Amino acid sequence: MVHPLHKLIRPAIALVALSTLLCATLPAHAAEDYIWATGKVLDKSGKPVKNAYVAVYDDNNKVIDYANTDEFGEYALAVPRNVMHLDKKSKGFLSQVFGTVTRFVGGASNFVNNPLRAGVQAVTSSQAAGVLNPVQRGAISAGGVVADQVLFRLKAPEPKPNLYEERKQPGNLMIKVIGDNSQDLVGIARVYWMQQETLKAGKRETRTTAAWLDPVTLAPVEGEGASKAQSDYLTVVAGRILPSLAEVGQTVKIVVKIPTPPAPEVFMTVVARHDRTGQMWELKPVGGDRYEASFEVDKKFPLDDQTISVIAYASDQQKPGRRDDAERAIERAGLWDTRRPYRYDPLIVVSRNRADLTFTVLRKRK
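Start counting the sequence shown at 4; every next residue gets the next number (the working numbering).
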């Protein structure tokens with residue numbers, strides 16, 4: 004008879020052996036090539052869906068990783084940077100998080116004895132909590148994630164031309180989600196937040212990049228509407244300049260609303276810029292996902308109609324406020340140019356759109 008404790012020890016021993024093997028065979032720089040992406044799958048009522056399948060595809064419709072959701076409806080995937088269409092050379096201007104590891108990387112115990120899937124596996128926080136010493140197995144180099152078409156026979160339909168172009172935007176992924184008694188979802192999953200996390204085990208530190216994807220809502224098979232993957236997190240959903248007609252010497256207020264996600268805790272700086280003078284203002288949070296800034300209209304402002312644009316980027320957790328490096332990157336990328344469409348890139352900005360607010364400066368009455 005096998006002692007119950009042995010059932011717990013064996014997977015842990017196999018896990019350490021796999022971690023040692025991967026450390027010895029995988030290139031040290033491989034971790035930089037992967038993004039550890041997480042998301043949630045919910046039903047129509049907003050309850051988590053357990054054991055749903057989530058698969059992610061590359062641009063050739065090849066499954067490059069997949070996972071099952073845990074009891075909280077969460078999943079985690081190991082996704083190559085190029086599949087998420089993120090520049091490998093760019094270090095980005097992400098939020099830095101130290102001492103609070105929210106995602107782990109390692110060989111999940113239920114895949115250890117699977118010779119067809121001997122790569123690394125991204126796991127959710129709750130899954131990692133059930134394994135001995137998750138930080139030890141989380142510190143291994145990333146690499147070796149393989150497409151497992153044998154165990155997971157999913158094939159995405161050929162995308163429509165417009166969908167094919169959309170999936171190539173930075174931070175976008177083609178996914179397929181399957182749940183019991185639900186309509187399958189095949190579509191684009193979008194990143195709403197990215198950050199660099201530091202895993203600490205004694206004196207050893209390993210940095211990883213984590214990303215959060217829009218929640219998936221699965222519609223019932225016989226219900227109305229279709230399954231979808233979307234949210235308005237970190238999108239400017241409302242914005243105004245008050246008053247929208249102003250004279251020189253008058254004080255004007257910029258007000259925008261940017262919904263923040265329930266997870267993770269985000270740190271961002273919201274700034275506004277005058278499209279013709281280049282003047283900039285930082286908007287401060289006032290509660291209820293609202294941000295505000297006030298300024299006085301001076302003689303530098305041109306008369307008649309003009310535009311003030313609002314963008315948000317990740318702030319330094321240790322030093323909140325404006326960042327010169329991030330603002331220079333936004334300028335270089337042309338994201339302030341109102342003549343060009345705004346292109347969301349999670350390595351540079353966190354607001355998924357740019358709010359272009361128009362107001363009018365009047366000649367001062369005599």
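By construction, the Cβ of each residue, glycine as well, lies at the ideal position given by its N, Cα and C atoms. Small disclaimer: the values here were computed from a predicted structure and weren't measured.
Item	Value
Option in T341, R357, A296, G281 with minimal Cα separation from Y316	R357
Rounded Cβ spacing between T361 and T280 (contact assumed at less than 8 Å)	Not confirmed; about 15 Å, so no contact.
Continuous alpha helix (DSSP H) stretch holding I333: start and end	327–335
Distance, K179 Cα to F304 Cα	50 Å
E250 versus D340 - alpha carbon distance	26 Å
For D308, the three-state DSSP class (helix, strand or coil)	strand
Residue from L45, R346, M87 with nearest C-alpha to R2	This structure cannot speak to residue 2, because the chain is shown only from 4 to 369.
Per-residue DSSP class, three states only, for E168	helix
Beta carbon of V239 nearer than 8 Å to that of V44	no
Beta-carbon contacts of Q253 that lie in its chain and below 6 Å, excluding the five residues immediately before and after	V300
Backbone secondary structure at K46 - three-state DSSP	In the sequence as presented, Lys is not what sits at residue 46; that position holds Asp. Three-state result, D46: strand.
CA-to-CA distance, V255 to E334, given in whole angstroms	25 Å
Integer Cβ distance of A70 from V82, believed to fall under 8 Å	The pair is not a contact, with the Cβ atoms about 11 Å apart (cut-off 8 Å).
Beta-carbon separation (whole angstroms), L306 vs T41, contact threshold 8 Å	Not quite, the Cβ-Cβ distance comes to about 50 Å (not below 8 Å), so this is no contact.
Classification of A55 by the beta-carbon crowding that lies within 10 angstroms, buried from 16 upward	buried
Same chain, Cβ closer than 6 Å to S318, five either side skipped, listed in chain order	F270, M271, T272
Cα-Cα separation, K260 to D68	35 Å
Per-residue DSSP class, three states only, for S129	helix
CA-to-CA distance, K287 to V364, given in whole angstroms	24 Å
Whole runs of the alpha helix (DSSP H) within the stretch 163–243, excluding any shorter than 4 residues	164–169
Backbone CA spacing between L188 and F75 [nearest angstrom]	19 Å
Element boundaries [beta strand (DSSP E), containing I261]	That residue, I261, is in no beta strand (DSSP E); it is neither H nor E in DSSP.
Nearest residue (CA-CA) to M197, options Q320, D61, L97, D62	L97
Inter-residue Cα distance where the pair is V313 and E225	42 Å
Option nearest P173 by Cα separation, candidates W39, G290, R355	R355
I351 beta carbon less than 8 Å from that of A214	no
DSSP state of V352 mapped onto helix, strand, coil	coil
Residue burial classification, Y77 (beta-carbon count within 10 angstroms, cutoff 16)	Checking the sequence shown, residue 77 turns out to be Glu, not Tyr. Flag for E77 reads buried.
With 16 other Cβ atoms within 10 Å as the buried cut-off, status of A229	exposed
For V359, three-class secondary structure by DSSP	In the sequence as presented, Val is not what sits at residue 359; that position holds Asp. Looking at D359 - three-state DSSP - the assignment turns out to be strand.
Distance CB(Y195)-CB(Y236) smaller than 8 Å	yes
Candidates Y60, A241, R346, R366: closest to D308 by CA position	R366
Of the listed residues R343, P349, V353, R368, nearest to D359 (C-alpha basis)	R343
V258 vs R276 beta-carbon contact at 8 Å	no
Cross-strand partners of K287 (DSSP beta bridge)	E295
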